[in-house]
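Chains as they are written, first to last, in our numbering: chain D, 1 to 116; chain V, 1001 to 1113.
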């Protein structure tokens, strides 16, 4: 099956620091990866769509200068939360779409970010 | 109106019970529909896609009513391991084969012994 990994699985940082989260598709190539955020008791909300070799497409209300996305290869996308603040504390999940499937996305295990 | 709406529950049922979840979506142009399962502090996992003709996978049956923009999930003979949050999901790229998924807030199910 299609496996997506994320690293780190959890991170605690001080306010003002930057945090990088990696998302990797382990056994398939993903031209498109998606980044979601989930606050407690809320639904997953799409933050941005990451396309290999091009700029990410951000959803309305998501600051592209704060959430930097890089999709340099077909198996790796990174999300960097710059100058993180306590309100950025959330569960960040990536997903990837294998070219061979129709619509199905495979999710990474998520990264729990806590900003003190 | 929210794009995908679900009854948040929780649904507390005994083992062996049959339980049904409902979901409505707002955009009639939506073309792909799914039920995902999410365990506490874990990522969502695809449970099943939902087709217009209805589809069944073991104890799970999904139905889609395009006219009413309504999706359902029926779980028969519920097990303790079915306890989770069930997410109704609609593909947001209407007409496209890829695209962002729009998630409902989920319905929490708790199966008791």
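Ideal Cβ positions, reconstructed from N, Cα and C, are used throughout, including at glycine.
Bear in mind the structure is a predicted one, so any value in this text is a computation, not a measurement.
If you draw a straight line from the C-alpha of residue i to the C-alpha of residue j, how long is it?
i: residue 19 of chain D; j: residue 49 of chain D; result: 19 Å
i: residue 29 of chain D; j: residue 23 of chain D; result: 12 Å
i: residue 64 of chain D; j: residue 1102 of chain V; result: 20 Å
i: residue 1057 of chain V; j: residue 6 of chain D; result: 29 Å
i: residue 1060 of chain V; j: residue 31 of chain D; result: 32 Å
i: residue 25 of chain D; j: residue 1005 of chain V; result: 31 Å
Using the Cβ count rule (16 or more neighbours within 10 Å means buried), how would you classify residue i?
i: residue 9 of chain D; result: exposed
i: residue 1068 of chain V; result: exposed
i: residue 1040 of chain V; result: exposed
i: residue 17 of chain D; result: exposed
i: residue 1084 of chain V; result: buried
i: residue 54 of chain D; result: exposed
For residue i, decide whether its Cβ has a neighbour in chain D, counting only Cβ atoms nearer than 8 Å.
i: residue 1103 of chain V; result: yes
i: residue 1047 of chain V; result: no
i: residue 1044 of chain V; result: yes
i: residue 1110 of chain V; result: no
i: residue 1137 of chain V; result: Lying outside 1001 to 1113, the shown extent of chain V, residue 1137 of chain V is not represented and no answer is given.
i: residue 1106 of chain V; result: yes
i: residue 1055 of chain V; result: no
i: residue 1027 of chain V; result: no
i: residue 956 of chain V; result: With chain V covering 1001 to 1113 only, the question about residue 956 of chain V has no answer from this structure.
Using a beta-carbon distance below 8 Å, is residue i in contact with chain V?
i: residue 114 of chain D; result: no
i: residue 49 of chain D; result: yes
i: residue 34 of chain D; result: yes
Helix, strand or coil for residue i per DSSP?
i: residue 1081 of chain V; result: helix
i: residue 1113 of chain V; result: coil
i: residue 1005 of chain V; result: strand
i: residue 8 of chain D; result: coil
i: residue 1043 of chain V; result: coil
Taking the Cβ atom as the reference point for each residue, do residue i and residue j lie within a distance shorter than 8 Å?
i: residue 1080 of chain V; j: residue 1106 of chain V; result: no
i: residue 11 of chain D; j: residue 113 of chain D; result: yes
i: residue 1113 of chain V; j: residue 1003 of chain V; result: no
i: residue 1073 of chain V; j: residue 1011 of chain V; result: no
i: residue 1082 of chain V; j: residue 1075 of chain V; result: yes
i: residue 91 of chain D; j: residue 108 of chain D; result: no
i: residue 1054 of chain V; j: residue 43 of chain D; result: no
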